[in-house]
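Enquirer: Respectively, the protein sequence lines represent chains A and B. My numbering puts the first residue of the first sequence at 1, with every later residue one more than the last. My numbering puts the first residue of the second sequence at 1001, with every later residue one more than the last. Note that CB positions come from ideal geometry on N, CA and C, so glycine has one too. Structure incoming, see below.
There are 2 protein chains.
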Amino acid sequence: MLSDRQHLILQAIIENYIHSAEPVGSRTISKRPEISFSSATIRNEMSDLEDLGYLEQPHTSAGRVPSTKGYRYYVDNMIQPDLENSDDLTNWKQLFADRIFYFENAIEQTASVLTQLTNYTAVVLGPEIFEHRLKHLQIISLNETQAVAIIVTQTGRVENKRIDLPSGVSPGEMEKLVNILNTKLHDTPLWKLRQRLYQEVSVELKRHVEQYEEMLTILGKAVDGDATDRLLLKGTTKIMEQPEFQDMEKVKEILELFEHSEQLTPRFDPSRSGLQISIGQEHSLEAMKNCSIVTTSYTFNGKPVGTIGILGPTRMEYGKVIAVLDFIALGLSQMLSTHLNGDEKK
Amino acid sequence: MLSDRQHLILQAIIENYIHSAEPVGSRTISKRPEISFSSATIRNEMSDLEDLGYLEQPHTSAGRVPSTKGYRYYVDNMIQPDLENSDDLTNWKQLFADRIFYFENAIEQTASVLTQLTNYTAVVLGPEIFEHRLKHLQIISLNETQAVAIIVTQTGRVENKRIDLPSGVSPGEMEKLVNILNTKLHDTPLWKLRQRLYQEVSVELKRHVEQYEEMLTILGKAVDGDATDRLLLKGTTKIMEQPEFQDMEKVKEILELFEHSEQLTPRFDPSRSGLQISIGQEHSLEAMKNCSIVTTSYTFNGKPVGTIGILGPTRMEYGKVIAVLDFIALGLSQMLSTHLNGDEKK
DNA sequence: GTTAGCACTCACTCCTGTTGAGTGCTAAAC
DNA sequence: GTTTAGCACTCAACAGGAGTGAGTGCTAAC
């Protein structure tokens, strides 16, 4: 599609713009060591690239700026995950090792490390708990009408949910029910819980417990997970350091979006595994039309269970960001697997 | 200390400044209906007020601006909680009733309502769980070395903490211990838990369980509460709407402080009950030298258990903010008491 | 096809004059 | 001895205009 020379020039322009944040002109490009033609030639090529939609001009007599299409071409054809120098990798390893060894705050620390390494906003979606297996189920009644359901997974996560009891259920019956469930459902992955509750257990239950129908409905509710509170943002103010975000209005829009982070959750679905890059207007969020989102998933026992990502200006250092994300996702996956597969280690 | 006329003028200046955010001059004041002297007289008085430290001048030939001391005098001597018009109260009641009826998200909704009513950032410290009484204690071992401690309170809150087990403790002993503890400690307020663990239970335990010493230490850790994650901020971007915060640098500092909200926690200690106002440099946080914090506490069974507050520019509408906080604190207290004292209501 | 040269565009900066809201001082009026 | 009118002075903010420089697009020569 693009000639070799166009490819070369487009790359030079984008890389220059990524670091300067200023529209880049033909003369600047002609001075680069890998460029051997004059500024006039470059001007002609730039004009062609603009016609093709890869570049934009803020106004006549200004330099050119990459368009969304330009960035898309760049990330698809030009970048290789880039460890600027090998010192970086050592530093990252160090930082990761220093900060992330407790399971409890691993997610939060991961987000911190990500934002620290990249200087962009980090987004982390906590591990998908549905894959985890049931260790213990318990229902504790508080008074005649209310109770708390507690679910503990093999991996030590505790989820709890308040439920309303149907009137006329005695604590004794409740206990009976829970005892049965604990034996029957032990070791079931959480995502199967609801299904198994209905298919297998209900027959058994019917014999033992009155009003099993209502209780089942309630238990069904209790085991339904909730994804929104697993999304964590860190370094939300980093965007203000970018020269193209010196306008209060734009920044405010973005930060308001961050405050209602549930709107972002769908973009971090861990089932879309592997590296995902969404540039500028490619995502429909108006406030983020000048931002890109790069995400990848991390795994537990080979299956993707959560997502980590970087949110920055379209003009972000894609090479570095991708390298960092890959590295951290791998580290996090390894950490989860050593920690949760029964091996111990402080 | 201040003459009647000085009092009147200071009040006029501050009220004007609160609404205009511009340095206020003598002529502006002289035009106010309650002021009957000429601008020249006011100039003289303003000069005196500046000497006394109640006013400041950004530069010669600019109007005057209230100093921290000026605001302090204002909140101590001039404001009455102010329901601008009685419609407001009806609106607040409506909003409160519409949004806050589920216990689970009451805290979050409270913060939303606060920020919506005042247009400033809202801070809410979740209810102090230490006053709540123990309903159920449980330890679930995950493998040979790790376990999860779960504490359920009478009010249905669930706290959990991962603990490391000393090697050589059998699950059977663990169960024995938990059974004893559940009977012994039932209905103990959480803040007494650690103490009672050591004083009363340990003697009993010594007879039943091996290695009670280590286990006690671990249990002690498990029942220690953690306050930081109870602090919730809402409407953090509101500060950007204030005309005196159009400078990116200042805003960034404040938002970074918000991101590390644990630094703010000490300021919201619910044990300091009642209305607290902290103005400008009165609090030591450099980033917030142009901000004020107004807080009050809400209660459960007559005791203060949590804090709600508003964080805005020193130039905030103190009258309205105080009225809103009082109103919401009362509503929240009532809501907690009807919901948690065993009465039911969907 | 490539490049040098040139006219043209346009944001940006610096300078200058003007405006107006504000002060402080003084002398007259109350 | 207060209060007020009057006046000179200060200074941020705004507007207009000249100059600068980075950039383009076009054309003619290599």
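Is LEU1134/B closer than 9 Å to PRO1189/B when the C-beta atoms are compared?
Expert: Here residue 1189/B corresponds to residue number 189 of the second sequence, with the count starting at 1. Here residue 1134/B corresponds to residue number 134 of the second sequence, with the count starting at 1. Contact: yes.
Enquirer: How about LEU255/A: is its C-beta nearer than 9 Å to some C-beta of chain B?
Expert: Mapped onto the first sequence, residue 255/A falls at position 255. Judged by the 9 Å Cβ criterion, LEU255/A is in contact with chain B.
Enquirer: Residues in the same chain with beta-carbon distance under 6 Å from PRO1127/B, minus the five sequence neighbours each way, listed in chain order, please.
Expert: Working through the second sequence from its first residue, we reach residue 1127/B at position 127. VAL1305, GLY1306, listed in sequence order.
Enquirer: Please decide whether ILE1140/B counts as near chain A, where near means a Cβ-Cβ distance under 9 Å.
Expert: In the second sequence, the residue the question calls residue 1140/B occupies position 140. By this cut-off, ILE1140/B is an interface position.
Enquirer: Residues of chain B with CB closer than 7 Å to the CB of MET248/A, please, in chain order.
Expert: Residue numbering aside, residue 248/A sits at position 248 when the first sequence is read from its first letter. Result: MET1240, GLN1246.
Enquirer: Give a yes or no on whether the minimum CB-CB distance between ASN290/A and chain B is below 9 Å.
Expert: Residue mapping note: residue 290/A aligns to position 290 of the first sequence, counting from 1. So no, ASN290/A is outside the interface.
Enquirer: GLY1274/B to VAL1178/B, Cα distance in whole Å?
Expert: As a first step, residue 1274/B is located in the second sequence; it is residue number 274 there, counting from the start. As a first step, residue 1178/B is located in the second sequence; it is residue number 178 there, counting from the start. About 39 Å.
Enquirer: For ARG1162/B, decide whether its Cβ has a neighbour in chain A, counting only Cβ atoms nearer than 9 Å.
Expert: In the second sequence, counting from the first residue as 1, residue 1162/B sits at position 162. Yes, its Cβ sits closer than 9 Å to a Cβ of chain A.
Enquirer: Using a beta-carbon distance cut-off of less than 7 Å, what residues from the region 1260 to 1280 of chain B approach chain A?
Expert: Those residues of the region 1260 to 1280 of chain B that come within reach of chain A (Cβ to Cβ, closer than 7 Å) do not exist; the list is empty.
Enquirer: Please compile the residues from chain A whose C-beta is within a distance smaller than 9 Å of the C-beta of LYS1252/B.
Expert: Counting from one through the second sequence, the residue named residue 1252/B turns up at place 252. Residues of chain A passing the Cβ test: THR237, MET240, GLU241.
Enquirer: Can you find a CB in chain B that lies within less than 9 Å of the CB of GLY309/A?
Expert: On the first sequence, residue 309/A is found 309 positions in, with the first residue counted as 1. No - not a single Cβ of chain B is within 9 Å of the one on GLY309/A.
Enquirer: Which first and last residues belong to the beta strand (DSSP E) in which VAL1024/B is found?
Expert: Position 24 of the second sequence holds residue 1024/B. That residue, VAL1024/B, is in no beta strand (DSSP E); it is neither H nor E in DSSP.
Enquirer: In chain order, what are the residue ranges of uninterrupted alpha helix (DSSP H) at least 4 long that sit wholly in the region 32 to 109 of chain A?
Expert: Taking only runs of at least 4 residues, the alpha helix (DSSP H) segments lying wholly in the region 32 to 109 of chain A are 39 to 52, 68 to 77, 86 to 99.
Enquirer: Report the rounded CA-to-CA distance for ARG1196/B versus LEU1181/B, giving the unit in angstroms.
Expert: Position 196 of the second sequence, counted from the start, is the residue given in the question as residue 1196/B. Position 181 of the second sequence, counted from the start, is the residue given in the question as residue 1181/B. Straight-line Cα distance between these residues: approximately 10 Å.
Enquirer: Roughly how many whole angstroms lie between the Cα atoms of ALA412/A and PHE1258/B?
Expert: What is shown of chain A runs 1 to 346, which leaves residue 412/A out entirely.
Enquirer: Out of curiosity, what's the CA-to-CA distance linking TYR1198/B and THR1295/B?
Expert: In the second sequence, residue 1198/B corresponds to position 198, counting from 1. In the second sequence, residue 1295/B corresponds to position 295, counting from 1. Distance between the alpha carbons of TYR1198/B and THR1295/B is about 36 Å.
Enquirer: Name the chain B residues whose beta carbon is nearer than 7 Å to that of GLY172/A?
Expert: Along the first sequence, one-based indexing puts residue 172/A at 172. The premise fails here: GLY172/A is roughly 16 Å from chain B at the closest Cβ pair, so nothing lies under 7 Å.
Enquirer: Pick out the complete alpha helix (DSSP H) segments inside the region 221 to 288 of chain A, 4 residues or longer, and give them in chain order.
Expert: Complete alpha helix (DSSP H) runs here, min 4: 248 to 259.
Enquirer: Give every residue of the same chain whose Cβ lies closer than 6 Å to the Cβ of ILE1079/B, excluding the five residues on either side of it in the sequence, and list them in chain order.
Expert: Indexing the second sequence from 1 puts residue 1079/B at position 79. TYR1318, GLY1319.
Enquirer: Who are the Cβ neighbours of LEU1311/B in its own chain at under 7 Å, not counting the five residues just before and after it?
Expert: Taking the first residue of the second sequence as position 1, residue 1311/B is located at position 311. Here the set comprises TYR1120, THR1121, VAL1123, CYS1291, ILE1293.
Enquirer: In angstroms, rounded to a whole number, what distance separates the CA positions of LEU1095/B and LEU1232/B?
Expert: For the purposes of this step, residue 1095/B is taken as the residue at position 95 of the second sequence. For the purposes of this step, residue 1232/B is taken as the residue at position 232 of the second sequence. Cα-Cα distance, rounded: 20 Å.
Enquirer: Are there 16 or more other CB atoms within 10 angstroms of the CB of HIS1132/B, so buried, or fewer, so exposed?
Expert: As a working mapping, residue 1132/B is identified with position 132 in the second sequence. Label assigned to HIS1132/B: buried.
Enquirer: Under the DSSP definition of a beta bridge, which residues are partnered with LEU142/A?
Expert: For the purposes of this step, residue 142/A is taken as residue 142 along the first sequence, with counting starting at 1. Partner(s): none; LEU142/A has no beta bridge.
Enquirer: Given this structure, state the Cα-to-Cα distance separating GLU1173/B from GLN1154/B, to the nearest angstrom.
Expert: To locate residue 1173/B, count along the second sequence from 1; it is residue 173. To locate residue 1154/B, count along the second sequence from 1; it is residue 154. GLU1173/B and GLN1154/B: Cα-Cα distance of roughly 26 Å.
Enquirer: With a threshold of 9 Å between beta carbons, is VAL148/A in contact with chain B?
Expert: The residue you call residue 148/A lines up with position 148 of the first sequence. Output row for VAL148/A: interface = yes.
Enquirer: Quick check on DSSP: helix, strand or coil for LEU1125/B?
Expert: Your numbering for residue 1125/B matches position 125 in the second sequence. DSSP places LEU1125/B in strand when its eight states are reduced to three.
Enquirer: Taking 9 Å as the threshold (C-beta atoms), are ILE1328/B and THR1110/B in contact?
Expert: On the second sequence, residue 1110/B is found 110 positions in, with the first residue counted as 1. On the second sequence, residue 1328/B is found 328 positions in, with the first residue counted as 1. In contact: THR1110/B and ILE1328/B (Cβ atoms closer than 9 Å).
Enquirer: Between TRP1092/B and VAL1251/B, how many whole angstroms is the CB-CB distance? I'm expecting something under 8 Å.
Expert: Position 92 of the second sequence, counting from 1, holds the residue named residue 1092/B. Position 251 of the second sequence, counting from 1, holds the residue named residue 1251/B. Actually they are not in contact, since the Cβ atoms of TRP1092/B and VAL1251/B sit about 29 Å apart, beyond 8 Å.
Enquirer: Check this for me: beta carbons of PRO66/A and THR314/A, under 9 Å apart or not?
Expert: Along the first sequence, one-based indexing puts residue 66/A at 66. Along the first sequence, one-based indexing puts residue 314/A at 314. Yes, they are a contact pair.
Enquirer: Between which residues of its own chain and LEU1336/B is the CB-CB distance below 6 Å, once the five residues before and five after are set aside?
Expert: Reading the second sequence from its first residue, position 336 is the one you call residue 1336/B. PHE1300, listed in sequence order.
Enquirer: What does HIS136/A reach in chain B if we use C-beta pairs closer than 7 Å?
Expert: Start at 1 with the first residue of the first sequence, and residue 136/A comes out as number 136. In chain order: ILE1140.
Enquirer: Here's a check: name, in chain order, each residue in its chain whose Cβ is nearer than 7 Å to the Cβ of ILE107/A, leaving out the five neighbours to either side.
Expert: The residue you call residue 107/A lines up with position 107 of the first sequence. If we look at ILE107/A and ignore the five residues flanking it on each side, its Cβ neighbours are VAL124, GLY126, LEU232.
Enquirer: Between the Cα of ILE1163/B and the Cα atoms of LEU1185/B, ILE1139/B, VAL1152/B, GLU1175/B, which residue gives the shortest distance?
Expert: For the purposes of this step, residue 1163/B is taken as the residue at position 163 of the second sequence. That would be ILE1139/B, whose Cα lies nearest to the Cα of ILE1163/B.
Enquirer: What does DSSP give as the partner residues of ASN179/A in its beta bridges?
Expert: Taking the first sequence and counting its residues from 1, one reaches residue 179/A at position 179. DSSP, once it has assigned bridges, lists no residue as partnering ASN179/A.
Enquirer: Below 8 Å on C-beta distance, what does VAL158/A contact in chain B?
Expert: The sequence position of residue 158/A within the first sequence is 158, counting from 1. Going along chain B in sequence order, the residues near VAL158/A (Cβ under 8 Å) are VAL1148, ILE1150, VAL1158, ASN1160.
Enquirer: Please check if any C-beta of chain B sits within less than 9 Å of the C-beta of GLN348/A.
Expert: Outside the displayed range of chain A (1 to 346) lies residue 348/A, so it cannot be described from this structure.
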